[in-house]
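What follows is a set of notes on a single structure, which appears directly below.
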Amino acid sequence: MYDLVIKNGHLIDPANGIDRPCALAITGGRIAQVGGTMEGRETLDATGLIVCPGLIDLHVHLREPGQEWKEDILSGSRAAAAGGFTTICPMPNTAPTHDNASVTRLMLKRAEAAPVRVRPIGALTRGLKGEVLADLGELFDTGCVAFSDDGRGVQDGLVMRHAMEYLRPFRVPVIIHAQDDCLFDHGVMNEGWRATELGLRGICNAAEDVHIDRDIRLCELTGTPLHVAHLSTRGGVDLVRRAQARGLSVSAEAAPHHFLLTDEEMPAFDTHWKMSPPLRSPADRDAVRAAIIDGTIAAIATDHAPHAPEEKERPFDEAPFGIIGLETCLPLALTLVRDHGMALVDLVARLTSGPAAILGLDAGHLGVGAAADVTLFDPDERWIYDSERHFSKSRNTPWEGHTMVGRATHTLVDGRLVYRRGEMVAA
Amino acid sequence: MPDVIDPPTATPAKPFPHTDLLDTADLTAADIKYLLDQAESFYEIGQRAVKKVPTLRGITIMNCFYEPSTRTRSSFELAGKRLSADVINFSATGSSVKKGESLRDTARNLEAMGTDLIVVRHPASGAAAYLAHHLAVPVINAGDGCHAHPTQALLDLFTLRRAKGPLAGLKVAIVGDISHSRVARSNLLAMRTMGMEVRVCAPPTLLPAAVERYGCRVCTRLEEAVEGVDAVMMLRIQMERQGGHTFPNLREYAARYCLTRRHLALAAPDCAVMHPGPINRGVELTHELADAAPSLILSQVTSGVAVRMAVLYVMWGKKKR
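Taken in order, these protein sequences are the chains called A and B. Here the numbering used here is used: the first residue of the first sequence is 20, the next is one more, and so on. Here the numbering used here is used: the first residue of the second sequence is 68, the next is one more, and so on.
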């Protein structure tokens, strides 16, 4: 007799090659049996639902400590659970910067009350200034799973080289926000006709590509795995693909807005379409989409970046970059299956085993003995996204009022139901 | 007592469907023609001994300038005063750091004081649209970042029409820093709407991406740009915006892009020379051309007051909610 049996669902577990109707048993917070007949003290009827490993988002901003009016670890974790995520990785651009272990400890302490797993990413350099290395060893020892100066590019190539070289024994990836500040030139949206028309300063693809190219060479030089965050350009896709073909440990993620939206469709001066890297051209969007489908980009990540209304409701130049994404990611990702011929099992891989492999986490699969982090979703449920009724504290999204297809229905962490159909389940 | 005469076309019905004047992109050929025709009657007022009419008596106009400006601000102020409106000048160039919030809140305060029209200039592209979105009172864009400067484009068209007759079919070259120019953008849109042929000309570093999508010809040589044109519009080179490396130096820029008699010989007979000002003599055009007969530069300034009188008159009373 198991604790819980999930019956009548369609099980997709890419890491174990499973894609068929199949029951799942959980006991003691772990996967106990996959397939066959089984009885549980409790049963969850998953008729019409996909059952898969809990989703992993390796790129979020939870704003705690320091900017709790935008989001905090609890509210962000709830948004994650509602979006079907069971593991999220907050970036270190907090205040103070997450460049020392006392911040890691604070985050992990706060995360004890969170419904999902919080696996923090530490800063690469002190204060994200790109000058002096952060306390990398202590951060690693305290629980950081990767290092990044996300939000900024490391401008000095030698600092980057030393950071990567120093980290080699830790066997964790360096995550880059590929941005050459000189070429970025205070841009606010993609360089192209739309920026010209609106009189806004453009950001060229080269500002991203030259850093990807540089850091691939440093990956080759140092042997430290490189992960490219929020890849947005066709040139970047090409660089990553060629590096992988040469056998280098180079991975990449893409955000739903980068594989769905382009600068050309941006409503005039709508700051909910302002993010960094910016929404690019249709050719870039198509290249990113193709790379997700063929696996060059192994992870879909939201870059969930909450900002308060008074911060976003400003003239375009002055508004901060970024949009929220945890509660809209799954339905937006499902458009790749519905409209672009991607296999559902591959899409689930990009949200589970893909990010787990990038970070070297024992997660994102449903093998017997694994922690029972499980997501159930209805791939066909139609619903209208209403940020009044979601869990994030912020509402900076271009998807307000958009009709979504597909939705997480149940989220389980350690075998415990934390979210069910629109509501958090109390611990 | 001097005569006080209403402008002859001041009728209550104003066939202009826009509640704000933000960008020439929003205007049809009929809209532009209507504004230019209105400006003709106000132009006449400017030629009188006493240049004041009571059209907007009792109306309050707030000029909000978040960027230094002499010409445009004075032009709007004069336009408002010639219409007998009460004109308040509000400049906030000093407090530019937190301008996002203060822009919205300041404007709401000005609106709450009973302002009837707001004229705004701001360094951020989209700032005028932003204000228009938040305020019920009509907003007139007097220049937002690199985005738009609709009254400048209107006064340029007005000046051209007076000098050259009907606009459709006229050929114009716009030369200089197209990248950072709201004047170029607003003119490109308005001129294309009026059926004019436009060429832009600059070193490649001063041409914005995909500029050909305005439906203009793109040149990098001034000789090519001016060939057969009816007017040349030179744009001010703002050294402070160049960052030191969009072209080597002013001497080299002038050698290639400074308009001279030699260039005008390639253009159509009586080619007009225009410039939104302030001019850099010897950089955008020679000292001689700045003052000589084909120059419309001062006519542009005179026209500016008439066009802005027309705009204030037409926009007054447009209620959004």
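For every residue, glycine included, the Cβ atom is placed at its ideal position computed from N, Cα and C.
Next item on the list: Determine, using beta carbons only, whether residue 335 (chain A) comes closer than 9 Å to chain B.
Entry: As a working note, residue 335 (chain A) is residue 316 in the first sequence. Taking Cβ atoms only, chain B reaches closer than 9 Å to residue 335 (chain A), which makes this a yes.
Notebook entry, point to check: Hey, how far is the Cα of residue 373 (chain A) from the Cα of residue 264 (chain A)?
Noted result: By 1-based counting over the first sequence, the position of residue 373 (chain A) is 354. By 1-based counting over the first sequence, the position of residue 264 (chain A) is 245. Taking the Cα positions, residue 373 (chain A) is about 18 Å away from residue 264 (chain A).
Check: Which of the residues in the region 205 to 225 of chain A, read from start to end, lie with their CB under 7 Å from any CB of chain B?
Finding: 210, 211, 212, 214, 215, 217, 218, 219, 221
Note to self: With a threshold of 8 Å (Cβ to nearest heavy atom), would residue 237 (chain A) be considered close to the ligand NAP?
What the structure shows: Among the components of this structure there are no ligands whatsoever, and the ligand NAP is therefore not found.
Check: Is any beta-carbon of chain A found at less than 9 Å from that of residue 338 (chain B)?
Finding: Here residue 338 (chain B) refers to the residue found at position 271 when the second sequence is read from its first residue. Chain A contact via Cβ: absent.
Check: Can you tell me where the beta strand (DSSP E) with residue 52 (chain A) in it begins and where it stops?
Finding: What you label residue 52 (chain A) is simply residue 33 of the first sequence in a count that begins at 1. Residue 52 (chain A) -> beta strand (DSSP E) spans 49 to 53.
Item checked: First through last residue of the alpha helix (DSSP H) which encompasses residue 339 (chain A) -> Against the first sequence, residue 339 (chain A) aligns to sequence position 320. No alpha helix (DSSP H) contains residue 339 (chain A), which DSSP labels as neither H nor E.
Checklist line | Nearest neighbour of residue 241 (chain A), chosen from A:268, A:221, A:75 [CA to CA] | finding: Here residue 241 (chain A) corresponds to residue number 222 of the first sequence, with the count starting at 1. Closest by alpha carbon: A:268.
Check: Mapping DSSP to helix, strand and coil, what is residue 155 (chain B)?
Finding: Locating residue 155 (chain B) in the second sequence gives position 88, where the first residue counts as 1. Strand at residue 155 (chain B).
Checklist line | Own chain partners of residue 445 (chain A) with C-beta closer than 8 Å, once the 5 adjacent residues on each side are dropped | finding: Start at 1 with the first residue of the first sequence, and residue 445 (chain A) comes out as number 426. Contacts found: none.
Next item on the list: Look at the alpha carbon of residue 260 (chain B) and the alpha carbon of residue 168 (chain A), and state the distance between them as a whole number of angstroms.
Entry: Your numbering for residue 260 (chain B) matches position 193 in the second sequence. Your numbering for residue 168 (chain A) matches position 149 in the first sequence. One C-alpha to the other measures close to 48 Å.
Next item on the list: Find the residues of chain A that neighbour residue 277 (chain B), judging by a C-beta separation of less than 7 Å, and give them in chain order.
Entry: Counting from 1 along the second sequence, the entry for residue 277 (chain B) is found at position 210. Ordered by position in chain A, the residues that pass the 7 Å Cβ test against residue 277 (chain B) are 211, 212, 215.
Next item on the list: Starting from residue 287 (chain A), find everything on chain B with Cβ-Cβ shorter than 8 Å and list it in chain order.
Entry: The residue labelled residue 287 (chain A) in the question sits at position 268 within the first sequence. The contact set of residue 287 (chain A) on chain B, defined by CB atoms closer than 8 Å, consists of 193, 196 in chain order.
Next item on the list: Check whether the Cβ of residue 227 (chain A) lies closer than 9 Å to any Cβ atom in chain B.
Entry: By one-based count along the first sequence, residue 227 (chain A) stands at place 208. No - not a single Cβ of chain B is within 9 Å of the one on residue 227 (chain A).
Check: Since residue 350 (chain B) contacts residue 325 (chain B) with CB under 8 Å, what's their CB separation in whole angstroms?
Finding: Residue mapping note: residue 350 (chain B) aligns to position 283 of the second sequence, counting from 1. Residue mapping note: residue 325 (chain B) aligns to position 258 of the second sequence, counting from 1. Correct: roughly 6 Å between the Cβ atoms.
Next item on the list: Look at residue 255 (chain A) and residue 197 (chain A) and say whether their C-beta atoms are less than 9 Å apart.
Entry: As a position in the first sequence, residue 255 (chain A) is number 236, starting the count at 1. As a position in the first sequence, residue 197 (chain A) is number 178, starting the count at 1. Their beta carbons are under 9 Å apart, which means residue 255 (chain A) touches residue 197 (chain A) by this criterion.
Notebook entry, point to check: Where does the unbroken alpha helix (DSSP H) through residue 26 (chain A) begin, and where does it stop?
Noted result: The residue given as residue 26 (chain A) occupies position 7 in the first sequence. Here residue 26 (chain A) belongs to no alpha helix (DSSP H); instead the beta strand (DSSP E) covers 21 to 26.
Item checked: residue 357 (chain B) classed as buried or exposed, judged by whether at least 16 other C-beta atoms fall within 10 angstroms -> To locate residue 357 (chain B), count along the second sequence from 1; it is residue 290. Under this definition residue 357 (chain B) is a buried residue.
Checklist line | chain A contact for residue 213 (chain B) (CB, 9 Å cutoff) | finding: The sequence position of residue 213 (chain B) within the second sequence is 146, counting from 1. Taking Cβ atoms only, chain A reaches closer than 9 Å to residue 213 (chain B), which makes this a yes.
Check: Considering only residues of the same chain and omitting the five flanking positions on each side of residue 439 (chain A), which have a CB-CB separation below 6 Å?
Finding: For the purposes of this step, residue 439 (chain A) is taken as the residue at position 420 of the first sequence. The residues are 429.
Note to self: For the region 169 to 185 of chain A against the region 366 to 384 of chain A, do three or more pairs of beta-carbon atoms, one drawn from each stretch, fall closer than 8 Å, so that the two count as touching?
What the structure shows: no
Margin query: With a threshold of 9 Å between beta carbons, is residue 217 (chain B) in contact with chain A?
Written below: Sequence index remark: in the second sequence, residue 217 (chain B) carries index 150 (1-based). Residue 217 (chain B) does not count as touching chain A.
Notebook entry, point to check: Should the region 229 to 249 of chain B be regarded as contacting the region 264 to 280 of chain B, the criterion being three or more beta carbon pairs within less than 8 Å?
Noted result: yes
Notebook entry, point to check: So is residue 348 (chain A) buried or exposed if we call it buried at 16+ other beta carbons inside 10 Å?
Noted result: Translated into the one-based positions of the first sequence, residue 348 (chain A) becomes position 329. Result: buried.
Next item on the list: Flag residue 82 (chain B) as yes if its beta-carbon sits less than 9 Å from any beta-carbon of chain A, otherwise no.
Entry: Translated into positions along the second sequence, residue 82 (chain B) becomes position 15. Not one chain A Cβ lies under 9 Å of residue 82 (chain B).
Checklist line | Rounded separation between residue 85 (chain A) and residue 115 (chain A) - CA only | finding: Here residue 85 (chain A) refers to the residue found at position 66 when the first sequence is read from its first residue. Here residue 115 (chain A) refers to the residue found at position 96 when the first sequence is read from its first residue. Distance between the alpha carbons of residue 85 (chain A) and residue 115 (chain A): 7 Å.
Notebook entry, point to check: What's the call for residue 354 (chain B), buried or exposed, on a 16-neighbour Cβ count within 10 Å?
Noted result: Working through the second sequence from its first residue, we reach residue 354 (chain B) at position 287. Answer is exposed; the Cβ neighbour count stays below 16.
Note to self: Taking only three categories from DSSP, how would you classify residue 293 (chain B)?
What the structure shows: Here residue 293 (chain B) is taken as the residue at index 226 of the second sequence, counted from 1. In this structure, residue 293 (chain B) counts as helix in the three-state DSSP scheme.
Notebook entry, point to check: Under the DSSP definition of a beta bridge, which residues are partnered with residue 189 (chain B)?
Noted result: For the purposes of this step, residue 189 (chain B) is taken as the residue at position 122 of the second sequence. B:211, per the DSSP bridge assignment.
Next item on the list: Quick one: grab the DSSP three-state call for residue 116 (chain A).
Entry: Translated into positions along the first sequence, residue 116 (chain A) becomes position 97. Three-state result, residue 116 (chain A): coil.
Notebook entry, point to check: Between residue 189 (chain B) and chain A, is there a C-beta pair that is closer than 9 Å?
Noted result: Taking the second sequence and counting its residues from 1, one reaches residue 189 (chain B) at position 122. At least one chain A Cβ lies under 9 Å of residue 189 (chain B).
Next item on the list: Would you mind telling me which residues of chain A sit closer than 7 Å to residue 273 (chain B), beta carbon to beta carbon, in chain order?
Entry: As a working mapping, residue 273 (chain B) is identified with position 206 in the second sequence. What residue 273 (chain B) touches in chain A: nothing, since even the nearest Cβ is about 12 Å away.
Note to self: Using a Cβ-Cβ cutoff of less than 8 Å, which residues in the same chain neighbour residue 31 (chain A) once the five nearest sequence positions on both sides are dropped?
What the structure shows: Locating residue 31 (chain A) in the first sequence gives position 12, counting from the first residue. Closer than 8 Å at Cβ, skipping near neighbours: 37, 38, 69, 70, 71, 363, 364, 367.
Margin query: Give me the subset of the region 245 to 262 of chain B whose CB atoms are less than 7 Å from a CB atom of chain A, sorted by chain position.
Written below: For the region 245 to 262 of chain B, the beta-carbon criterion of a distance under 7 Å to any beta-carbon of chain A is satisfied by 249, 252.
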